[in-house]
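Take a look at the structure set out below.
Shown next as structure tokens:
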């Protein structure tokens, strides 16, 4: 089933959007954004070799890698006329290029976290890049929801290999979630359909901010529920690898609760909404642990909105909803 | 502090062994084994691109990568006259080349796990290579302990970067533990001293086989102790990345308990003894959860001996000893 770019990748996306539409998304926006991933992976390698000599200065090194990743994506954005606005965790002002590109038929805004998982860069664990792709000239809206406006998302997985999960859900099309590898400028589909399945041999859980269980008895009970039901623990502390683990295994539940002393910290625009789109396109559910509502059903009104996250297989999210969020 | 091979690497090792000794270890065995790591990382990438198309056949893919890694190390062993015997998780018969190399002044045996962490290769998480280096013509003994015979260990960390922790403790020398990066045939010291420190801001725990807490109330109590004391959870399920996390952060405790329904499964020769040497050289402790004794104090009598593991900062291991192993 291995398919080679460009035919396999392009054909796959064409088959999930209405006939003859979205050519800029297919030919330009998605492939060019995916091709930033090997460059970010390379930046991660080079920075380490040249600068990680002093453990004390590691904070600075991480910052450097973040900035390198940011610049790589920004420079790709500059080459994509269809991307008319961009906003990132590093530079949250929505930079608009709409003045120049007002004639573009397709107009997209991207919102991205160039390098997620800074606490695990030092130990050389897998980290990730998160990109949401939105219809129109902004991702921000007082009334329109991410479900209406966000039409694709990329989770780049920077590990031993450079892979990515791509989710696409455009009006009139078929929601899809698939895995690609990106190397030597080639994009290969390595898993044409990524789906969270109801029936799996092993059940996984990823409990974020476990320290919150100390002050939240419901969270502690939930943890003990997973232990008593013999779920397998996998928790890297990196949002992308933790979500990707569930997608590859076909099962998983990720829980990032909100308590009085641990307020919402995940960024809705750069983390929660792209992840929610991926999870939904893979057949799962993603809700905000602040109120139990679907993440994609509330407009993103500011770039710095925060939230909590419970996501994974639908039945697992229902269990968390009943045990933690009521 | 970044140092370039060969001078930095060689000089560092020369400073921790008795003057003028161990030249084959320094010039040949350690650098050549370290240089297998980028090749194994490359094998991991290539296999994925060419064969991971079908999720169903992933078991086979993993097997292929294991075999590729095994072959890469074996072919290096064949080029190192001082390595007179080798044994691995994939091929546990101690292959001896002593007939040919009986004239070598320095004689070493290596015991290795070419690719540890098969369950997390699919999700593209960091995995590792484990190598123990033993004095003499075999690692197996009825009477001599690993503490007497194992003189060096390598934990290769195959993540976004290719790094390794090297531990060396030869009779008459100074125990050392340091981190290197390996790229383009160059070995660079990126952290000259890796030490588990008593005082750190954040305390980490990695509870392996958490399902065992269901039938072992002491393990469940221990987990609840970490939660109540607000330890931070990091558990990838890969032995090398989990241990390496503690080493880089300067703090961590890894617990792999043994219960009636989850018997000892970590291999003493290919996993436990090299990891124990690394942890001890970093100032920590590594005990077998079967009996609470130091892993390095019991001879390895068979290649397939198994054990449990509790390791990390000394004070943390003492806590586990008092709460779980008594």
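Chains as they are written, first to last, in this note's numbering: chain P, 1 to 326; chain F, 1001 to 1326.
Glycine residues also receive a C-beta, built at the ideal position from the N, C-alpha and C atoms.
These figures come from a predicted structure and were not determined experimentally.
Any Cβ of chain F closer than 7 Å to the Cβ of residue 122/P would place that residue at the interface, and such an atom is present.
For residue 140/P, the secondary structure class from DSSP, reduced to helix, strand or coil, is coil. About 4 Å separates the beta carbon of residue 1278/F from that of residue 1167/F, a gap short enough to meet the 8 Å contact definition. Excluding residues up to 5 positions away in sequence, 5, 6, 9, 31, 34, 35, 180, 181 lie with their Cβ nearer than 8 Å to the Cβ of residue 187/P in the same chain.
For residue 247/P, the enclosing alpha helix (DSSP H) stretches over residues 239-249. Here the alpha carbons of residue 1296/F and residue 1176/F stand approximately 16 Å from one another. Excluding the 5 residues flanking it on each side, residue 321/P has same chain C-beta neighbours closer than 8 Å at 287, 292, 310, in chain order.
Per DSSP, residue 1127/F is one residue of the beta strand (DSSP E) stretching across 1127-1135.
Using a Cβ-Cβ distance cut-off of 8 Å, the region 117-131 of chain P and the region 231-243 of chain P are in contact, since at least three pairs of beta carbons, one from each stretch, lie closer than that value.
Taking C-beta separations shorter than 6 Å and ignoring five residues to either side along the sequence, the partners of residue 106/P in its chain run 24, 82, following chain order. Residue burial is scored here from C-beta neighbours: residue 1210/F has at least 16 other C-beta atoms within 10 angstroms and is therefore classed as buried. The C-beta distance from residue 1126/F to residue 1156/F rounds to 11 Å, too long to meet the 8 Å contact threshold. Residue 1258/F carries a coil assignment under DSSP once its states are collapsed to helix, strand and coil. In the DSSP assignment, residue 227/P falls within the alpha helix (DSSP H) that extends over 217-228.
Annotation for residue 1031/F: the continuous alpha helix (DSSP H) segment containing it runs 1030-1034.
Within chain F, the residues 1227 have their CB atoms less than 8 Å from the CB of residue 213/P, given in chain order.
In this structure, residue 109/P lies near residue 139/P, with their beta-carbon atoms less than 7 Å apart. In the structure shown, the three-state DSSP call for residue 1157/F is strand.
Closest by C-alpha distance to residue 1315/F, out of 1203/F, 1299/F, 1306/F, is 1203/F. What residue 1203/F touches in chain P, judged by beta-carbon distance under 9 Å, is nothing: the nearest beta carbon there is about 10 Å away. If only uninterrupted beta strand (DSSP E) runs of at least 3 residues are considered, those enclosed by the region 1185-1211 of chain F are 1186-1191, 1204-1207. Residue pairing from DSSP leaves residue 23/P without any beta-bridge partner.
DSSP places residue 83/P inside the beta strand (DSSP E), whose first and last residues are 83-88. Boundaries of the beta strand (DSSP E) harbouring residue 1166/F: 1162-1168, taken from the DSSP string. Around the C-beta of residue 89/P, 16 or more other C-beta atoms lie within 10 Å, and the residue is accordingly described as buried.
Under a criterion of Cβ atoms nearer than 9 Å, no residue of chain P is adjacent to residue 1075/F; the nearest Cβ is some 21 Å distant. If you check the CB distance, residue 18/P and residue 136/P do not come in under 7 Å. DSSP, read as helix, strand or coil, puts residue 1236/F in coil. Residue pairing from DSSP places residue 1179/F in a beta bridge opposite 1165/F, 1191/F. The C-alpha of residue 72/P lies about 7 Å from the C-alpha of residue 39/P. Remark: C-beta atoms of residue 233/P and residue 323/P do not approach each other more closely than 7 Å. The three-state reading of DSSP puts residue 1145/F in coil, since its state is none of H, G, I, E or B. The three-state reading of DSSP puts residue 1115/F in strand, counting E and B together.
Residue 300/P: not part of any beta strand (DSSP E); DSSP gives it neither H nor E. Taking 7 Å as the cut-off, the beta carbon of residue 276/P is found no closer than this to the beta carbon of residue 306/P.
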